[in-house]
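Below is one structure, written out as structure tokens, with a few remarks after it.
Listed below in structure tokens is the structure:
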């Protein structure tokens, strides 16, 4: 291995060089203007304090590099009619991307108020990081972006997600050397083992090595170039290095390198598409090493700025107290020679404007970056065809997620030709019981495949890698570019992507208010291998708190479903695959478990989201003595077993059983459109009777959702209280007081009418708990009466 | 670069080889026994179904490799009197580590019931993954471990955390090729740029390339060996490859390689300690490629097992329905020739037992792995010396976290010689205003340092890298080995480590019940750059939900503090640095803000955790008309400004101001020892008066914490409702109805006595909100009356 060629060519003619440099200067000028100016956009009069924003917010450091890359991509897009998306990892470069989409005309098309003239330019400048304006990062408001720039680390995953199944698309992905230190980014380089050049598009990573973060150098900028090259080759890329600070030389290098790498990408794709993808190719990438804050102030107050960490945010400040800084800013902006770039009306000169591609070829207008434009509905089989026969509630068993897998198998099958559906999992597809999908497609890998491997192929549509970050990021990129998918994950470890979920949910929330952003398919999670069934794993694998995490986000973008059995799971799955612009969270069991509802009942129940189970209740339309509510498969089982016990011992007791599938029904209707009105809530839960609620997760959430309801003071929630280890399934619920015996005890204790007659039953329940403990310690498995219990009413 | 030498030496004599192989077989035998057997531990009688556990849980695949490494480390520890800790990334190898600590005697010392005889061996086998027994992973229960094996990805971070400031310690860290795909692990290789061989110990990563996860091959096992070597060299290591399945050859290779790499490590350390650490050395590491499930069944029912993904968990099952599997298990266990390993009493033969090191040199008994044994209290300056002078509440400003930084500077200074205190931050130390610490130490880096860099040196104690995962993992490893630290982070992005926090909190919870585990220093978080002050960043940087996340964990291990100003922050910081076995979360502001309490008042207030601020209240000991409660710096400011407005306009209105520092005081005392009794809660919040509560985070949490309190139905919480963008500080609170005007409106609306006389004030408040909106859109900053408001009573 040797250091990749450092080329010093003359790809651009003198005139081309002049023009591309001018275009870059225009973008830099507009970037600085956004950060600093309230008015006087073209500096037609001397710059004064009142022209400068009182609060200076934004980031200059990475911007000139992003502008440089944008200008050069414009050239190759035009020259070769390429279909290119631009994913910007250093999201702090917001002003640069806004500047470029403004120069190419996209920005004024979606925001006509920001016109291509002096007045529009003044508005462009003022709105940036200004109240009522636009954020400082790349954001949903930015045309051409699918990538929120606020939280670092996900650019390369979004880029790969966009490239999958888009064979003509080239995704230029700028990776910041700061974000390269994050965990998500560090592992996402390996995405190339999952990209098939025969059917997928290409990702061109550009590592923007500008050396500094807020206050520190970056790790990758301070290792030997040989070591960096070794690292990138180890990740499977062929890196091309471009380094320097002389624009003339760098323009030529960048132009030549882009030509070269695009030729290489095309050759790889051509070969794979003619001969098939037999061996993973080594895709090219670029390392662009330019000074942080390139072309900005070199020194301010005698302190070096350019090419130091001090260029990261706003290199010039304190204009009120240091009037000489106003002059520095004016000089800086004039160094781009705006009079050579814009005409008197403030419009980019025609011979520069023609450097940008036209129409959809503009990176700001690429329809893939507004995925809803390209979104096609999935072809869905009738989910009812996958129904489990339930002749009588609680007598036969099924594995719900396995049944779901059969439905998804045919979703996959029906959409194979459309190439717009993928499922992701961190090495858990089969563990989560979606095995059936592998009957119609394979797991994808373009790394080495051995004969002993199970269902792995270069053209598979099941994406498995032991990284929740990668699954999440790929699927986000895939959905944001107009496709569909599902992510199955162990419940506890979905917290690994809590923060990525946050950003996606925030993105969805903001797009609601952006008219030109079209709806995309919902992000669908199946969480299984859940807290109550951690047979192989134990305490470390027990955390049902992702629900708590996501309900903090806007009610308009999140939904939580806890189907108690296979048929309700099918109904919910069908609903989620049709929905748009949500994050749908489904939590369901994968173990063989009792089934409650036939398909008709399941549809009715899921449509309401919550309901009284008349077949399990004996209040016969009258006011019950107690409401026994449940949400989640295991809590439903334990509730019904408790009801069984209570009905046997207290035949006169009127019990109402309520099951919750859609957790959001518990919220007030004023907060959430799925929420029950207070009247309906009261009619289900009564206004004054004890409610014993068995819940899948942490009890506090149920209180939080219902605390304003009439009967809340009578609500007693059993759920996970962080007690667990490697033990039997039933012992897990016992450890957390969620089992049938504790639930029955609680009901008896809360009903005054049972205080005297209930003593015997209470003793029986205590004995049962002791018997259980002795049994499992001796036998290592649950008592037969637990394992074999069925519903008998 | 060439492939590192593949050595084929004869390091071990024939007798040494025989013995080390026997020791390894003994560990493998005990591992299989734990997974399978209830009884008949030494197979003294023919194996029958009733000897086998009814539920088979655990993981075989990685175990023989872990046992292999353990045996070889025993050899070099003895030969060189090394101080070695063993961090096991593939935590599924739990049975292997338990087996080895049993063989070396540690296990029976801490669990005398598990004695080194047949009876003890039977108990050892039965307890594994059995109700009432031990977890299937490496866990707090495992002697010698600081690393919970359940959630993958953090082993290398824990190893580095352990090695920092332990110059004599060598941390052997086995990295699974599955976990190597995670984000956290992928970036943690770069920890070597932060390890200084002159003052720190060494980490020897051993990448255990056994090829498979649950159902898939691993990424690193399916790239060319040259590419893997390139990757590891790119990460800055010098990899040695050991590959094969012939134990005889591999024993020799492993012995020779260990000798070699330990010599190299010693040479690196010697050089750095004599000549100083001038250039980052290239540390050795090992890639150990052995078959998954090595020495286990090669085929079962005609299907290949060893060296396929099928060897991951339990390779033999279905004993009841397939009696021939019983024979296969017996043959497998007998293949280790237990009769050559254990005497008739079940004790390991003496000549094998002597292969293990003695006393604290045993890896299971290394005191660093039970860090509380080595923990020394920090020397703390008197925090009161850093007090901000507050002659009158609400009239002077300070930056609380900057003041905290001054205190921490002197904590750092006083403990420089002890080398037991570090602070971590993802490139935010100065942004979070801990600049003062850099007066007494530097940021650490052993990568290249340039003259323009700010306070970076090879011996710094401030650890900054743009990875929350690395900060979290390093600090966990540092604390678990008996030292102290603080992690400062932007509030929103702490969610990146939600899942890591979970595992650490679970670890702490479990250790409470393990008598031999000694208390360690608490994990201290400072979250700042919080939701209300995201001036440079906006919506993506706004998420106060980490509080919600952590309060789901056991009350016995977590604490949440929201000090409203600098002096309360000092008091809380001092408390947290002295505490043990908690996770302490502190959220505080970094911007200049009004100060409320002088130091005496701050201490009193923090000691109680919650209190009525008499100086701000006018209920003079009588029952108030309204309670205005607040938690968090910005909510406190807005509440007091609202009180100011209300007292001006309604001088007869009796307002009680309550401030909450310790959020856990709101919980019932039955749930949390910090919780107020109902009586005390009622005396503060009244039993029937409206409470308007201004809270830092999501309002639902306050409801969840207080839903069982008498007056909960009168509680109205204002907090973050997920509305935000890049705007002014005051506009952020306005967007979320948390500002003074909305709070005052709410109070007036809730008091019947103000309905008629309040109309004018309500109109005034509406006008103020409109005025605010107009002002910021025009000027881009808040109105002077907002910026200059002070407390005037």
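Protein chains in written order, with our numbering: chain A, 1 to 793; chain B, 1001 to 1793.
Ideal Cβ positions, reconstructed from N, Cα and C, are used throughout, including at glycine.
Mind checking if residue i is an interface residue toward chain B, Cβ cutoff 8 Å exclusive?
i                      : result
residue 704 of chain A : yes
residue 355 of chain A : no
residue 304 of chain A : yes
residue 543 of chain A : yes
residue 592 of chain A : no
residue 693 of chain A : no
residue 535 of chain A : yes
Could you check if residue i is buried or exposed, using at least 16 other CB atoms within 10 Å of its CB as the buried criterion?
i                       : result
residue 1334 of chain B : exposed
residue 48 of chain A   : exposed
residue 725 of chain A  : buried
residue 4 of chain A    : Its pLDDT being 42, under 50, residue 4 of chain A is placed unreliably by the model, and the measurement read from it follows with that caveat. It counts as buried.
residue 784 of chain A  : exposed
residue 532 of chain A  : buried
residue 1624 of chain B : buried
residue 1506 of chain B : buried
residue 1775 of chain B : buried
residue 1759 of chain B : exposed
residue 620 of chain A  : exposed
residue 1755 of chain B : exposed
residue 1648 of chain B : exposed
residue 474 of chain A  : buried
residue 273 of chain A  : exposed
residue 79 of chain A   : exposed
residue 1294 of chain B : buried
Identify every residue that forms a DSSP beta bridge with residue i.
i                       : result
residue 176 of chain A  : A/208
residue 238 of chain A  : A/284
residue 1719 of chain B : According to DSSP, residue 1719 of chain B bridges with nothing at all.
residue 1244 of chain B : Answer is none; residue 1244 of chain B lacks a bridge partner.
residue 662 of chain A  : A/561
Taking the alpha carbon of residue i as the reference point, which residue from the options has its own alpha carbon closest?
i                       : options                        : result
residue 1560 of chain B : B/1567, B/1366, B/1575         : B/1575
residue 306 of chain A  : B/1452, B/1674, B/1174         : B/1452
residue 1118 of chain B : B/1143, B/1148, B/1033, B/1156 : B/1033
residue 1091 of chain B : B/1715, B/1567, B/1463, B/1180 : B/1180
residue 1568 of chain B : B/1610, B/1580, B/1536, B/1529 : B/1610
Is there a C-beta anywhere in chain A that falls below 8 Å from the one on residue i?
i                       : result
residue 1454 of chain B : yes
residue 1241 of chain B : no
residue 1001 of chain B : Legend: pLDDT at residue 1001 of chain B = 31, less than 50; position of this residue unreliable, no value from coordinates given.
residue 1503 of chain B : yes
residue 1424 of chain B : no
residue 1639 of chain B : no
residue 1013 of chain B : no
What residue does the beta strand (DSSP E) around residue i start on, and which one ends it?
i                       : result
residue 1484 of chain B : 1484-1490
residue 139 of chain A  : That residue, residue 139 of chain A, is in no beta strand (DSSP E); it is neither H nor E in DSSP.
residue 694 of chain A  : 691-695
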